[in-house]
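A.B. asks:
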Amino acid sequence: MTSLGAPPIVRPVLSRSEGTKVDQETIATIIRTLKEEQIDLVVTLPEEPTSPLTEAIRQDAHFTSVTVANESNGISLCAGASLGGRRCVFITGIAGLLVGTWSLAQMEVLYGIPVFIMASYRGDIGDRSGISGAQLFMFQQLAEPMLQTLRVPHRVIKKRVDLEREIRDSHFACREYGTPLVLLLTGEILW
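Quick note on numbering: the sequence shown equals residues 1437 to 1627 in our numbering.
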């Protein structure tokens, strides 16, 4: 019993699903496309589903890989590199994107700096990662509305077949619009 006399809420413990990380085919597609887009600086904030991708990037001599300890640092580092003419991408998770909202708002609303971001979209329908349902639901309820409120263009990418084209189109639009742009990776890309 709780202090209010009600029985405690018991939430089921979900086991982590196999296949909740980016697979080798997807990694190869992303790396090839980033190279073709002449992106050579990759800023990361390590998180579980994209860890195989960020590790493969770290091992590839084409890329300069910088790991940051804070989401705002990642967004700001990419903004500075972009202003200097460098093509870069910030790879993070949806929680990181939510935490970095203040920096993201400044890059879009105040300065109009192109920052290309790829974020794992935890909480999208179908996510069997084992993260608590309440947290997944929060991500699902906040992610896209937050980007819309900030007027940050974004796309949700669910199918591998669309990945290469979406990276190309989004990176191009980010630079042309002079604004941050976010690709939310989900579905076949993550699980």
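Backbone N, C-alpha and C define an ideal beta-carbon position, used for all residues, glycine too.
Per DSSP, which residues does M1582 bridge with? Please list them.
C.D. replies: Paired residues: none, contrary to the question.
A.B. asks: Hey, which unbroken runs of the beta strand (DSSP E) at 3 residues or more fall wholly within the segment 1492–1536?
C.D. replies: You should have 1500–1503 and 1524–1529.
A.B. asks: What does DSSP give as the partner residue(s) for L1620 in the beta ladder?
C.D. replies: A1555 and V1592
A.B. asks: Residues in its own chain within less than 6 Å of R1523 by CB, not counting five upstream and five downstream?
C.D. replies: Q1474 and I1475
A.B. asks: Kindly indicate the opening and closing residues of the beta strand (DSSP E) around L1477.
C.D. replies: L1477 to T1480
A.B. asks: Quick check: the segment 1505–1520 against the segment 1582–1602, are there 3 or more CB pairs under 8 Å?
C.D. replies: Result no; under three Cβ-Cβ pairs closer than 8 Å.
A.B. asks: Mapping the DSSP letters down to three states, classify W1627 as helix, strand or coil.
C.D. replies: For W1627, the three-state secondary structure derived from DSSP is coil.
A.B. asks: Please confirm if the segment 1586–1604 is in contact with the segment 1541–1553, defined as three or more CB-CB distances below 8 Å between the two stretches.
C.D. replies: Verdict: yes, contact present.
A.B. asks: Output needed for R1596: all residues of its chain with C-beta closer than 8 Å, excluding positions within five of it in sequence on either side, in chain order.
C.D. replies: E1461, T1462, T1465, E1624 and I1625
A.B. asks: Using alpha carbons as the reference points, say which of T1537, R1558 and D1563 lies closest to L1617.
C.D. replies: T1537
A.B. asks: Just tell me which of E1507, T1480 and M1554 has its CA closest to the CA of L1599.
C.D. replies: M1554
A.B. asks: For R1468, report the span of its alpha helix (DSSP H) as first-last.
C.D. replies: Q1460 to E1472
A.B. asks: Whose CA, out of F1573, S1568 and S1512, lies closest to the CA of S1539?
C.D. replies: S1512
A.B. asks: Measuring CA to CA, which of T1480, G1548 and R1604 is closest to Y1613?
C.D. replies: G1548
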